[in-house]
Amino acid sequence: MKIALISVAKDDPSGKGPIGFLPLFDGVIVEHQLLWVVQLGAERIIFLSPSMPGALLQYVDQLKDDGVAAEIVRSAADLMQYATATDEVIFIGDGILPRGEFLDILADNDRELIFVVDNAEQYSDFELIDLNHRWLGVATIQASRLAELADVPDDWDVGSALLRVAVQAGARRESITGTAIANGILAFLQNDDHIADFEQKRLRNPERVEGNFLSRFLFQPLQNRLIPKLWRMRSSAIYVKVACVGTGLFGVLAAWFGLTGTALILIFLTSVIQDLSQNLNVHRPVSKGRKWLASGALMLTTLGLVLIVKNESSLSLLWPNIVVLIIVMASLWLAKFRGKDGVLDLIKPDISLIILLLLCFHLLGLFSVGLNVMALFGMAFLIADQIIVSRAEEKRLVSAD
1 MKIALISVAK DDPSGKGPIG FLPLFDGVIV EHQLLWVVQL GAERIIFLSP
51 SMPGALLQYV DQLKDDGVAA EIVRSAADLM QYATATDEVI FIGDGILPRG
101 EFLDILADND RELIFVVDNA EQYSDFELID LNHRWLGVAT IQASRLAELA
151 DVPDDWDVGS ALLRVAVQAG ARRESITGTA IANGILAFLQ NDDHIADFEQ
201 KRLRNPERVE GNFLSRFLFQ PLQNRLIPKL WRMRSSAIYV KVACVGTGLF
251 GVLAAWFGLT GTALILIFLT SVIQDLSQNL NVHRPVSKGR KWLASGALML
301 TTLGLVLIVK NESSLSLLWP NIVVLIIVMA SLWLAKFRGK DGVLDLIKPD
351 ISLIILLLLC FHLLGLFSVG LNVMALFGMA FLIADQIIVS RAEEKRLVSA
401 D
């Protein structure tokens, strides 16, 4: 079993609390670290914290509520009760955010390993190993080595002690070049200045944007401008959630009173705000609160669309149009799991795109026609995607032969 050992032992120099709980645009540092070790297959998360601050206690309680095996230990002597000799331990130091190639290296690794950089003045913040190397704060060791830490005094840095154990055990050194560090393969976040530099680089060089053309060319650029501002606002996540639920409720009310255009605009805004809320927390572990927000937004959107269909349909077409709406929603649900090969990504249907197109048809006085077109659009996407996947599989089988 893989066990992640995340250090939350050091405090921010300005007195803001543990370095691991300094805020980024989309969560706090420790949440990013957690996501990274989970991607590596860690089944148990251990936070090392001599002081056990309230923020960490609350966070671990939240993780446990979400089904994550998480614990807090005060010292090295407490580690062995959560590990067996055959387990593998992945250690990450305070404020260390590995990225990119780190994941690939560790995914293929089956040996004890420490990540190092050449000893140079610009890396003086990293711990010195010898005349040649400095440690980057990431290591993997066998859990049996933890027994050697049992006698480490409580006031010693466990990361440093673990490094010495790994070096003495002959752990392989994976050298990371200065160029790779400059390009962001690892972030060393110890204070607000480090975080500001890190986040500015992230915004200047965003990761690959996924989704259809509406998401790529409208929502994502807009969110890239909003997220830094929201990040600086206290309780911004709560405001976004309230806005999402509020627009959804007003959309349903507008549909109830027969204001189809207004209702579609408000429901469209609900989907946009819900997407913003999701992206604000894109690197965080999914919590029950976010699950309820997504479910609530979907329920309000569906209810609003049902009322709109009722208002826009004659008595003879009401039930046929309800069936068509069900087909539309079903195709949207199925489309979430398709189109991942990138070929049809730009036209992949989602709730925001469908509502926007329905609004256009409504403005032309052709709502019922638009509803049927959306159903055909959804089914055509699924069929085309299946054809592409089948052909790709046939080519793979032919090349394998």
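This note's numbering numbers the first residue of the sequence shown as 1 and each following residue consecutively. Where a beta carbon is used, it is the ideal one built from N, C-alpha and C, also for glycine.
* In angstroms, rounded to a whole number, what distance separates the CA positions of Leu-253 and Lys-395? -> In a straight line, the C-alpha of Leu-253 is about 52 Å away from that of Lys-395.
* **C-beta atoms of Val-28 and Ile-46 nearer than 8 Å** => No, the Cβ-Cβ distance between Val-28 and Ile-46 is not below 8 Å.
* What first and last residue would you give for the alpha helix (DSSP H) that runs through Gln-39? -> Where Gln-39 is concerned, the enclosing alpha helix (DSSP H) stretches over 29-39.
* Beta carbon of Ala-166 nearer than 8 Å to that of Glu-112 -> Yes. Within cutoff.
* To do: State the beta-bridge partners of His-133 as determined by DSSP.
  => The partner list for His-133 (beta bridge, DSSP) reads Asp-118.
* Would the beta-carbon of Thr-270 fall within 8 Å of that of Ala-237? -> The answer is no: Cβ separation not under 8 Å.
* Quick check: the segment 4-11 against the segment 34-48, are there 3 or more CB pairs under 8 Å? -> Per the Cβ contact rule, the segment 4-11 is in contact with the segment 34-48 (3 or more Cβ pairs under 8 Å).
* Could you tell me which residues DSSP pairs with Glu-405 in its beta bridges? => Only positions 1 to 401 of the chain appear in the structure, and residue 405 is not among them; the question remains open.
* Give me the Cβ distance between Gly-248 and Leu-359, rounded to the nearest whole Å; I'm assuming they're in contact under 8 Å. => A Cβ-Cβ separation of about 16 Å leaves Gly-248 out of contact with Leu-359 under the 8 Å criterion.
* To do: Would you mind reading off the limits of the beta strand (DSSP E) that contains Ala-187?
  => Here the beta strand (DSSP E) through Ala-187 covers 186-188.
* To do: Give the DSSP-derived three-state secondary structure of Leu-174 in the structure shown.
  => The question names Leu, but residue 174 in the sequence shown is Glu. If DSSP states are grouped into helix, strand and coil, Glu-174 belongs with the strands.
* Sorry if obvious, but does the Cβ on Leu-356 come closer than 7 Å to a heavy atom of the ligand ADP? -> This structure simply doesn't include the ligand ADP, nor any ligand for that matter.
* To do: Determine the direct distance from the alpha carbon of Leu-356 to that of Gly-370, and round the result to whole angstroms.
  => So the two alpha carbons sit approximately 11 Å from each other.
* How about Ser-331 and Ala-375: are their beta carbons less than 8 Å apart? -> In this structure, Ala-375 lies closer than 8 Å to Ser-331 by Cβ.
* To do: Compare the Cα-Cα distances from Leu-346 to each of Ala-147, Cys-244, Ala-196 and Leu-218 and report the closest residue.
  => Nearest Cα to Leu-346 within the set Ala-147, Cys-244, Ala-196 and Leu-218: Leu-218.
* Distance between Glu-148 and Asp-78 (C-alpha atoms, nearest Å) -> For Asp-78 and Glu-148, the distance between alpha carbons rounds to 12 Å.
* Buried versus exposed call for Leu-363 [16 or more other C-beta atoms within 10 Å across all chains shown] -> Classification for Leu-363: exposed.
* Asked: When the distance is taken between beta carbons, is Gly-159 closer than 8 Å to Gly-93?
  -> Yes, Cβ-Cβ distance for Gly-93 and Gly-159 is below 8 Å.
* To which residues of the same chain is Asp-11 closer than 7 Å at the C-beta, ignoring the five residues directly before and after it? -> Hits under 7 Å: Gly-17, Pro-18 and Ile-19.
* Determine the direct distance from the alpha carbon of Asn-119 to that of Ala-196, and round the result to whole angstroms. => Whole-angstrom Cα-Cα distance: 26 Å.
* Asked: How many Å lie between Arg-172 and Val-68 at the Cα?
  -> The alpha-carbon of Arg-172 is positioned some 30 Å away from that of Val-68.
* To do: Report yes if the CB atom of Leu-103 is closer than 8 Å to the CB atom of Thr-140, and no otherwise.
  => Taking C-beta atoms as the reference points, Leu-103 and Thr-140 fail to come closer than 8 Å.
* For Glu-394, the residue or residues it bridges with in DSSP -> None; Glu-394 has no bridge partner.
* **Of the listed residues Ala-294, Arg-99, Val-89 and Gln-122, nearest to Arg-145 (C-alpha basis)** => Here the closest residue by C-alpha is Val-89.
* **Phe-213 versus Val-343, Ala-70 and Leu-97, residue with shortest Cα-Cα distance** => Minimum Cα distance to Phe-213 is reached at Val-343.
* To do: Quick one: give me the first and last residue of the alpha helix (DSSP H) that Glu-101 is part of.
  => 101-107 is the extent of the alpha helix (DSSP H) around Glu-101.
* Asked: If you draw a straight line from the C-alpha of Thr-179 to the C-alpha of Phe-337, how long is it?
  -> Roughly 37 Å separates the two Cα atoms.
* Asked: So, helix, strand or coil for Phe-337, using DSSP?
  -> Reduced to three states, the DSSP call for Phe-337 is coil.
* Ignore the nearest five residues each way along the sequence and tell me which others in Cys-244's own chain have a CB closer than 7 Å to its CB. => Result list for Cys-244: Thr-270, Ile-273, Gln-274, Ser-277, Leu-293 and Ala-297, in chain order.
* **Whole-angstrom C-beta distance between Ala-83 and Ala-143, which should lie under 8 Å** => Cβ-Cβ separation between Ala-143 and Ala-83: approximately 4 Å, consistent with a contact (criterion under 8 Å).
* Straight-line gap, Gly-170 to Val-60 (C-alpha atoms, nearest Å) -> Computed Cα separation, rounded: 34 Å.
* Please go through the same chain and pick out, in chain order, the residues whose beta-carbon is closer than 7 Å to the beta-carbon of Pro-53, but skip the five residues on each side of it. => Counting only Cβ-Cβ distances below 7 Å, and skipping sequence neighbours, we find Gly-17 and Pro-18.
* Asked: Can the beta-carbon of Ile-326 be found less than 8 Å from the beta-carbon of Val-309?
  -> Cβ distance not < 8 Å, so Ile-326 and Val-309 don't count as in contact.
* Taking the Cβ atom as the reference point for each residue, do Ser-399 and Phe-268 lie within a distance shorter than 8 Å? -> For Ser-399 and Phe-268, no; Cβs fall outside 8 Å.
* **Unbroken alpha helix (DSSP H) run spanning Ile-351, endpoints** => Unbroken alpha helix (DSSP H) run through Ile-351: 351-363.
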